[in-house]
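Below you'll find the structure, written out as structure tokens, and then a few comments.
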Amino acid sequence: IAIGLLAIVMTLLWTFGFLGIAGIAFTSLIIAVPPILIAIGIDFGIHSINRYREERVTGLGISESMMRTTDQMSVAFAIVVGTSAIGFLSNTVSAFPPTRDFGLVAAIGIIFTFLIFGVFVPALKVTVDRARQRHPIPTFADTPLGSERSLLGRLLSIGVTVSKRGPLVFLLLILVATAAGGVYATGVDTGFSPDDFQPAEETPEYLQYLPESIRPPEEFEYVRINNYLDRNYQQDSQVLMYVEGSMTRDSALEEVYRASQSPPKTFRVERRQADTQSIISVIEDRAERDPEFRALVNRNDRNNNGIPDNNLPQIYDALATEDGDLSTFLGEERRSAQVIYTFDGEAEDDVVTADAYAVADRFRTTAQPTGSVVIFDEALSLVLESVIQSLILTLAGASGFLVFAYWVIEGRPSLGLVNVVPIVVTVVALVASMRAVGLAFNAINGTILAIAVGIGIDYAVHVVHRFADEYHNRELYPALQRTVVGTGGALTGSMLTTVFGIGVLVLALNPALGAFGILMSLSVLYAFLSSILVLPSTIVVWARLTEGEEVELPVVGATTALVGNASASK
Numbered sequence: 286i287a288i289g290l291l292a293i294v295m296t297l298l299w300t301f302g303f304l305g306i307a308g309i310a311f312t313s314l315i316i317a318v319p320p321i322l323i324a325i326g327i328d329f330g331i332h333s334i335n336r337y338r339e340e341r342v343t344g345l346g347i348s349e350s351m352m353r354t355t356d357q358m359s360v361a362f363a364i365v366v367g368t369s370a371i372g373f374l375s376n377t378v379s380a381f382p383p384t385r386d387f388g389l390v391a392a393i394g395i396i397f398t399f400l401i402f403g404v405f406v407p408a409l410k411v412t413v414d415r416a417r418q419r420h421p422i423p424t425f426a427d428t429p430l431g432s433e434r435s436l437l438g439r440l441l442s443i444g445v446t447v448s449k450r451g452p453l454v455f456l457l458l459i460l461v462a463t464a465a466g467g468v469y470a471t472g473v474d475t476g477f478s479p480d481d482f483q484p485a486e487e488t489p490e491y492l493q494y495l496p497e498s499i500r501p502p503e504e505f506e507y508v509r510i511n512n513y514l515d516r517n518y519q520q521d522s523q524v525l526m527y528v529e530g531s532m533t534r535d536s537a538l539e540e541v542y543r544a545s546q547s548p549p550k551t552f553r554v555e556r557r558q559a560d561t562q563s564i565i566s567v568i569e570d571r572a573e574r575d576p577e578f579r580a581l582v583n584r585n586d587r588n589n590n591g592i593p594d595n596n597l598p599q600i601y602d603a604l605a606t607e608d609g610d611l612s613t614f615l616g617e618e619r620r621s622a623q624v625i626y627t628f629d630g631e632a633e634d635d636v637v638t639a640d641a642y643a644v645a646d647r648f649r650t651t652a653q654p655t656g657s658v659v660i661f662d663e664a665l666s667l668v669l670e671s672v673i674q675s676l677i678l679t680l681a682g683a684s685g686f687l688v689f690a691y692w693v694i695e696g697r698p699s700l701g702l703v704n705v706v707p708i709v710v711t712v713v714a715l716v717a718s719m720r721a722v723g724l725a726f727n728a729i730n731g732t733i734l735a736i737a738v739g740i741g742i743d744y745a746v747h748v749v750h751r752f753a754d755e756y757h758n759r760e761l762y763p764a765l766q767r768t769v770v771g772t773g774g775a776l777t778g779s780m781l782t783t784v785f786g787i788g789v790l791v792l793a794l795n796p797a798l799g800a801f802g803i804l805m806s807l808s809v810l811y812a813f814l815s816s817i818l819v820l821p822s823t824i825v826v827w828a829r830l831t832e833g834e835e836v837e838l839p840v841v842g843a844t845t846a847l848v849g850n851a852s853a854s855k
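Under this note's numbering, residues 286 to 855 are what the sequence shown spells out, in order.
Here it is in structure tokens:
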């Protein structure tokens, strides 16, 4: 435990050191990097020590046991690092600089994790065990997690049992469930609201038992007041419309006026006109106060609607003599204007944005809506687009790397495709769960799919590579049994440690961090379950199709028998 914790601290220090050297700011997205490195670091550490213990219990010495461990684990770690780095670097295609920084930092951190857990941890473990031989240092445990006779070993063997009795049927069921989950997952939402980062009015009572230095207040006054205002007062927001074109044309102000008639439902209305602030409202205000200016407006108002549509340069010059700077609503050289629309603050961002573009289409000149609501809505569309792009690149790049790696290492490139199956199941299950519990992609958890792929690859690679190693010396099912019990024990320890360690983020006062903790824990759990339950049957079918193994596939056998009987009856 001490060696593992030391290695994790070193990994984080190296990664934050890279942030400083590269001049990358610590943003809300980079908050996700330490949990990722901790999760994968814990996994690497437990696998190294567990595999070392497996060799030690056979009677091998310290050096020989660690040599066998590193020979096998270093290759698995390298595959994990390569595929995870590809997954994280896929985020560099994002339109958001923070997402690109996240991908780069996570990839560099994974490389540091490999160096520390692949080189430093084995060396330190050997040093400590040699010291134990010379000095009376207590040893609390030296047996591996999971054995065929233990309860954990029997539970882990469920996937192997299924692979013996009906692997193809099981995989078909998984395929149907994954396809259905994928269809359901397409309805996952994207959304952003300040409420996502806002704590509850009153903090949970158990937090008041924390030490005073880290104890939160019993209630957040600003949250209480904000909620009170939301409940009792009309909340309005604004959309800014940037109108580009000569504002000295006779029809310029009439276009602004007509565009505001009969506005969409989300816009505030005054006498069938949108509630706006513009150069027109400045003209109307001045006309109410100044009879001379009002007469000037009336002389240049051909349709008597209060909007001047002649000699606009003269109107602007007269307006500037008293009101001075008109730059709030009128651009330089009077070739652009700003119109501010008021809308219902409780309306959905995507609805308001669509309505704003509908109003913009009413202008004959170029009009572009903007403002925080429009920017947030379009930014979230980019988040979803970036998520999909990075997921496609991740799966394609990781699959290609895995095929190449297993071709070089084992001479079996098809094992790379076997490795991808549990990753796809993990990603689909995670996104479907997001929709089921009502979580949307936002600025923080938009990277969760890359994380799920990284962790899914990590868990699956350990199983597949261990199987390939055992398959050299054993038959299919004995190799599979030894893999699932041995590596599965380490995966169980890694999964439990990570799920409970990262899962405590659920207790965070920041709801966005709590949601991230839930998704991170779910991705680890799904990666574990798919690696232990789905991979064995996938490997058995793979062995039948590519290795010529004489394993029984009941569905294939039954179908063949039916076809044979039908032919004989004819």
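Even for Gly, the Cβ is constructed at its ideal location relative to N, Cα and C.
Comparing alpha carbon positions, the residue from Glu-487, Tyr-513, Thr-679, Ser-522 closest to Phe-505 is Glu-487. Taking a C-beta distance under 7 Å as the contact criterion, Glu-539 and Asp-594 qualify as a contact pair.
For the pair Ser-666 and Val-624, the CB atoms are not nearer than the 7 Å cut-off.
Within the region 328 to 400, the alpha helix (DSSP H) runs of at least 4 residues that lie entirely inside it are, in chain order, 347 to 374, 382 to 400. Taking every protein chain shown into account, the CB of Gly-656 has 16 or more other CB atoms within 10 angstroms, so this residue is buried. The residue among Glu-490, Gln-520, Ile-565 with its C-alpha nearest the C-alpha of Arg-553 is Gln-520.
Within 10 angstroms of the beta-carbon of Ala-485 lie fewer than 16 other beta-carbons, which makes it exposed. With the rule of 3 Cβ pairs closer than 8 Å, the region 674 to 685 does not count as touching the region 658 to 665.
By the Cβ test, the region 408 to 422 is not in contact with the region 732 to 743, since fewer than three Cβ pairs between them sit closer than 8 Å. For Glu-529, the enclosing beta strand (DSSP E) stretches over residues 521 to 529.
Each of Thr-354, Ile-393, Glu-349 was checked against the Cα of Gly-367, and the nearest Cα belongs to Ile-393. Ile-592 carries a coil assignment under DSSP once its states are collapsed to helix, strand and coil. In this structure, the beta-carbon distance from Ala-544 to Phe-648 falls below 7 Å. Spanning the alpha carbons of Val-826 and Ile-315 requires a straight line of approximately 40 Å. Contact fails between the region 434 to 449 and the region 685 to 692, because fewer than three Cβ pairs, one in each stretch, are under 8 Å apart. In the structure shown, Ile-677 falls within a helical segment according to DSSP collapsed to helix, strand and coil. When C-beta atoms of the region 775 to 791 are compared with those of the region 347 to 355, fewer than three pairs fall below 8 Å, so the two segments do not count as touching. Comparing C-alpha distances from Ser-379 to each of Glu-633, Leu-676, Ala-292 shows the shortest one belongs to Leu-676.
Cβ-Cβ distances below 6 Å link Gly-388 to Phe-373, Leu-374, Asn-376, Thr-377 in the same chain, with the five nearest sequence neighbours on each side left out; the list follows chain order.
The beta carbons of Ile-323 and Thr-398 sit no closer together than 7 Å. When rounded, the separation of the alpha-carbon atoms in Arg-619 and Arg-571 is 19 Å. Phe-505 carries a coil assignment under DSSP once its states are collapsed to helix, strand and coil.
If you compare the alpha carbons of Val-770, Val-809, Val-473 with that of Ser-779, the shortest gap goes to Val-809. Taken through DSSP and simplified to helix, strand or coil, Ser-545 comes out as coil. In the DSSP secondary-structure assignment, Thr-627 is bridged to Gln-523. Rounded to whole angstroms, the separation of the alpha carbons of Leu-804 and Phe-726 is 11 Å. Thr-561 is bridged by DSSP to Tyr-626.
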